[in-house]
Amino acid sequence: MTYQGKYPEYLNDPLLAMAAKAGGADLVKAVDNLEPGAWKQAPLVEAATAIAELAGRGYLLPGSEALSHTEAQAAWSQGQVAIIPCGSWLEAEQKGVTPDGFDMVMAPVPALSTADKLPVTALQAASSESFIVPAKAKNPRGGLEFLRILFSTTAAKRFAELNSTLPSVDGALDGLTLSSGLGSVKAAVDAAAGNTFTYRFRTWYAPLAKAVDDATGELATRRITPAQWSERVQKAADAVAADTAVTKYQR
Amino acid sequence: MTGHRHGTYRFLAGAILPALALYAVFVLSPYAQAFYLSLTDWTGVSGDVGLVGFDNFRRLAGDPLFLAALRNNGVMLVVVPVVTIALGLLLAALVSFGGRRGTAIGGARFYQIAYFFPQLLSLPIIAVLWQFVYHPNDGLLNGLLRAAGLGGLARSWLGDPHLALAAVMAVLVWSSVGFYMVLFAAAMSAIPTEIVEAATLDGAGRLATLWRVVIPLLRDNVQVAFVYLGVLALDGFAVVQIMTVGPGGPDNATEVIGLGLYRNAFTYGKFGYAAAMGVALFFLTLALAVVALRAGRRERVELA
Chain A
0 MTYQGKYPEY LNDPLLAMAA KAGGADLVKA VDNLEPGAWK QAPLVEAATA IAELAGRGYL
60 LPGSEALSHT EAQAAWSQGQ VAIIPCGSWL EAEQKGVTPD GFDMVMAPVP ALSTADKLPV
120 TALQAASSES FIVPAKAKNP RGGLEFLRIL FSTTAAKRFA ELNSTLPSVD GALDGLTLSS
180 GLGSVKAAVD AAAGNTFTYR FRTWYAPLAK AVDDATGELA TRRITPAQWS ERVQKAADAV
240 AADTAVTKYQ R
Chain B
0 MTGHRHGTYR FLAGAILPAL ALYAVFVLSP YAQAFYLSLT DWTGVSGDVG LVGFDNFRRL
60 AGDPLFLAAL RNNGVMLVVV PVVTIALGLL LAALVSFGGR RGTAIGGARF YQIAYFFPQL
120 LSLPIIAVLW QFVYHPNDGL LNGLLRAAGL GGLARSWLGD PHLALAAVMA VLVWSSVGFY
180 MVLFAAAMSA IPTEIVEAAT LDGAGRLATL WRVVIPLLRD NVQVAFVYLG VLALDGFAVV
240 QIMTVGPGGP DNATEVIGLG LYRNAFTYGK FGYAAAMGVA LFFLTLALAV VALRAGRRER
300 VELA
C-alpha cells in the first residue's frame with residue numbers, strides 16, 4: 000500500500016478509526032474533550048503500533064513519505080500498490096486517470112482485535128465541507144434557505160450523479176445506478192447501519208491536529224515508536240488544554 | 000524668477016504626490032495595521048478586536064514551531080547567500096575571464112542567458128518543477144543517480160528530515176545564481192582590462208587574480224547581493240509551502256517564519272499572533288540589511 004506522505008493526515012484516519020472501533024465512543028470523547036492521558040489509551044497505542052508495523056513489515060511503497068496526494072494516488076491508479084487510505088471522494092478525484100476496468104472499492108478499516116467495542120462494519124463518517132451562515136449576516140434567513148436547497152434530496156441526488164461522491168443526505172442514492180466505487184461506499188454505509196463515529200478535535204483544535212499529523216508522519220517512517228507517538232500527541236493535547244486563550248468545546 | 004520656481008515646485012509636487020499617496024496606502028498603512036494587529040487577538044473574521052498588549056510576542060518566545068522556524072531561517076541565512084554568491088562569482092569569472100589570456104570565453108552570451116533562465120520563472124513554478132525532480136521514485140535526481148550506477152545515493156530528498164532543508168536551499172540557490180552571475184559579470188566587464196593585465200604581468204595566477212583583484216573591486220555588488228539574498232533566505236515561504244512535506248516538515252525540519260505566519264493567520268484564525276510574527280520578521284530583515292550594509296563599509300575604489 001501507499002499513503003499521501005506529504006500530508007500525513009490521510010494516514011491518521013485509518014489509525015484513529017482503528018482506535019475508535021476498539022475503544023468505542025468513550026475513547027473518541029476522551030480525545031475530543033482533551034482529557035488527561037486520552038492519547039495514551041491502549042487502543043490508540045495499539046492502532047499506532049499497527050501503522051508502524053505496516054512500515055516495519057515493508058508493506059508501504061518505498062518513498063511514500065514524500066509523495067503528495069496526487070502522486071500517491073497516481074501510484075495506486077497505476078497499480079503499483081493495492082490499497083490507499085482516502086475519503087469517498089477518491090473515485091471522483093481519480094476520474095481522469097483511472098484505467099478502464101479498474102473498478103475500485105472501499106473497505107472499512109480492519110478491526111484491531113475481536114474484543115473491539117464497535118463492529119467491524121463501523122465507519123468513520125464526517126462531512127468534508129463546512130457551511131456557515133454568519134449570525135450577523137444581512138440576510139441570515141436567505142443563507143439558511145440556500146443551505147436548505149443545497150441539502151435537498153434533489154440537489155444531493157444530482158451532486159452524487161455529477162461527482163460520484165456520497166452526499167450527506169440520507170436516501171439520496173436511492174434509484175441511482177452507481178459506479179463501482181460509490182456503490183461500495185453505499186454498501187459500507189448500509190452495513191454500518193448507524194455505527195458511525197467522527198472525531199471533532201481536528202476542527203476544534205487545529206494546532207493539535209498538526210501535532211498528530213507530524214507525529215503520524217514520523218511514526219510511518221519509523222523515526223519514532225508508537226509509545227513516543229502517544230507521548231508526543233499527549234503533550235500537544237495537554238498544551239492546548241492548558242492554553243487559556245483557546246476556546247474549549249465539550250461533547 | 001520666483002514665479003518660475005513656483006511652477007517647478009508645483010510640477011515636482013504633482014509628480015511625487017500620487018506616488019507618495021500610493022506608497023502610503025499600499026505600503027505604509029499595511030505596515031501600520033500589522034503593527035497594531037500584532038497587539039490584538041483578532042481572529043481575521045470577527046468584528047471584535049481585543050488589545051492584548053505584548054502577549055503575542057511573549058508567546059512567540061515559547062512557541063516551539065516559531066523557534067524551529069528561526070533556526071531554519073538562520074541556517075538558510077548563512078548558507079543561501081554564501082553559496083549563491085560564491086557560485087555566481089565563480090560562473091561570472093569563468094565566463095568573463097575563462098578564455099585564453101583572461102578574456103571572455105566563446106559563447107559567453109549563451110551561458111549568461113542560459114543561467115539566467117530560472118529568473119524568468121516564478122518561484123511557485125520553480126517549486127512545483129523541483130518537487131518533480133525530487134520525487135523519490137520517478138524523479139529526475141534519483142533517476143540520474145540510478146542511471147549513473149549511483150542508486151545507493153538515491154534518497155527520499157523531501158521525506159528525510161536531515162535532507163529536506165538542504166533540498167529547499169538548493170532550489171533557492173539554483174533559482175538565484177543565474178541572476179547574480181549576470182550581475183557580477185556586468186560588474187566585471189566594468190573593470191578596466193589594464194588592471195587584470197597588470198596582475199597577470201606581475202605573475203598572479205587566475206585564482207589569485209580573481210581573489211585578490213577582481214572580487215575586491217566587486218565589493219559593492221557582493222554587499223548588495225548579500226542583502227537581497229538574505230531577505231530571500233529569511234522568506235522561503237513559497238518554496239517550502241509548495242514543495243515540502245507537511246508543509247514545513249518532515250517534523251518541522253523545513254518550518255520557516257513565513258509559513259508559521261500563513262498557518263496561524265489562515266488555518267488557525269489567529270491574525271493577531273500571525274501579525275506579531277510578521278513584525279518580528281520585519282525587524283529581523285531590517286537588522287540584517289543594516290548589519291550587512293554597515294559591515295561592508297569601506298573606502299571606495301574609483302575605476303577610470
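From first to last, the protein sequence lines stand for chains A and B.
Following numbering that gives the first Met the number 0, the residues of the first sequence are numbered contiguously, the last one being 250.
Following numbering that gives the first Met the number 0, the residues of the second sequence are numbered contiguously, the last one being 303.
Where a beta carbon is used, it is the ideal one built from N, C-alpha and C, also for glycine.
Practice task
Evaluate L149 of chain A with the Cβ neighbour count: other Cβ atoms within 10 Å of its Cβ, from every protein chain shown; 16 or more gives buried, anything less gives exposed.
Solution key: exposed
Exercise for the section: Answer with buried or exposed for T7 of chain B, where buried requires no fewer than 16 other C-beta atoms within 10 angstroms of its C-beta. Expected result: exposed
Problem - Burial state of M0 of chain B (16 or more Cβ within 10 Å) - result: Confidence at M0 of chain B is low in this model, with a pLDDT of 47, below 50, so its placement is unreliable and the value that follows should be read with caution. Classification of M0 of chain B: exposed, given that the 10 Å Cβ count is below 16.
Exercise for the section: Could you tell me the distance, in whole angstroms, from the CA atom of G256 of chain A to the CA atom of F196 of chain A? Expected result: Here chain A covers residues 0 to 250 and nothing more, so residue 256 of chain A does not appear.
Problem - Residues of its chain near Y30 of chain B, where Cβ-Cβ distance is below 8 angstroms and the 5 sequence neighbours each way are ignored - result: F281
Problem - Endpoints, the alpha helix (DSSP H) within which P304 of chain B is located - result: Outside the displayed range of chain B (0 to 303) lies residue 304 of chain B, so it cannot be described from this structure.
Handout entry: Integer-rounded CB distance, given that M0 of chain A should sit under 8 angstroms from I50 of chain A
Key = That pair is no contact at about 11 angstroms.
Exercise for the section: Could you check the C-alpha separation between E149 of chain B and I112 of chain B for me, to the nearest Å? Expected result: It should be noted that the sequence gives Leu, not Glu, for residue 149 of chain B. Cα to Cα, L149 of chain B sits roughly 31 angstroms from I112 of chain B.
Handout entry: Proximity below 7 angstroms, CB of N71 of chain B to CB of L143 of chain B
Key = no
Problem - Bridge partner(s) assigned by DSSP for Q311 of chain A - result: It is not possible to answer for residue 311 of chain A, since the shown part of chain A is limited to 0 through 250.
Exercise for the section: Give the C-beta separation of L251 of chain A and E90 of chain A to the nearest angstrom, bearing in mind that I take them to be a contact with Cβ-Cβ under 8 angstroms. Expected result: Because chain A spans 0 through 250 in this model, residue 251 of chain A falls outside it and cannot be assessed.
Exercise for the section: Could you work out which residues of chain B lie near K247 of chain A, taking near to mean beta carbons separated by less than 7 angstroms? Expected result: Residues of chain B passing the Cβ test: none, with the nearest at roughly 15 angstroms.
Practice task
Could you have a look at T199 of chain B and say whether DSSP puts it in helix, strand or coil?
Solution key: helix
Handout entry: Neighbour flag for K283 of chain A against chain B, beta carbons, 7 angstroms
Key = No answer is possible for residue 283 of chain A: the residues shown for chain A start at 0 and end at 250.
Practice task
Please report the Cβ distance between V172 of chain B and T39 of chain B, rounded to the nearest whole angstrom; I am assuming they are in contact, meaning their Cβ atoms lie under 8 angstroms.
Solution key: 38 angstroms between Cβ atoms; not a contact.
Exercise for the section: Report the three-state DSSP secondary structure of T220 of chain A (helix, strand or coil). Expected result: coil
Exercise for the section: Compare the beta carbon distance of L157 of chain B and V244 of chain B with 7 angstroms and say whether it is the shorter of the two. Expected result: yes
Practice task
Determine the DSSP secondary structure at L50 of chain B, reduced to helix, strand or coil.
Solution key: strand
Exercise for the section: Confirm, please, whether the CB-CB distance from Q240 of chain B to P246 of chain B is below 7 angstroms. Expected result: yes
Practice task
Measuring alpha carbon to alpha carbon, tell me which of B:A294, B:S174 and B:F53 ends up nearest Q118 of chain B.
Solution key: B:S174
Exercise for the section: For F225 of chain B, count neighbouring C-beta atoms within 10 Å of its own C-beta (all shown protein chains included) and say buried if the count is 16 or more, exposed if not. Expected result: buried
Practice task
Return the Cβ separation of Y272 of chain B and R58 of chain B in integer angstroms, given the expectation that the two are a contact with Cβ distance under 8 angstroms.
Solution key: 7 angstroms
Practice task
Report all residues from its chain with a CB closer than 7 angstroms to the CB of Q40 of chain A; omit the five preceding and five following residues, and keep chain order.
Solution key: G22, L26 and A29
Practice task
Verify whether the separation of the beta carbon atoms of Q130 of chain B and M276 of chain B is less than 7 angstroms.
Solution key: no
Exercise for the section: Answer with buried or exposed for E64 of chain A, where buried requires no fewer than 16 other C-beta atoms within 10 angstroms of its C-beta. Expected result: buried
Handout entry: Separation of D62 of chain B from R231 of chain A, as counted between CA atoms
Key = 15 angstroms
Practice task
Give every residue of the same chain whose Cβ lies closer than 7 angstroms to the Cβ of L64 of chain B, excluding the five residues on either side of it in the sequence, and list them in chain order.
Solution key: N251, E254 and G259
Problem - Assumed close pair V108 of chain A, K20 of chain A - CB separation to whole angstroms, cut-off 8 angstroms - result: 7 angstroms
Exercise for the section: Grab me the residues of A136 of chain A's own chain with a C-beta within less than 8 angstroms of its C-beta, minus the 5 sequence neighbours each way, in chain order. Expected result: G142
Handout entry: Among B:Y22, B:A33, B:G98 and B:L76, nearest to T284 of chain B - alpha-carbon criterion
Key = B:L76
Practice task
State the CB to CB distance for the pair V290 of chain B and M168 of chain B, rounded to an integer number of angstroms; the pair is presumed to be in contact (CB under 8 angstroms).
Solution key: Not a contact, Cβ separation roughly 21 angstroms.
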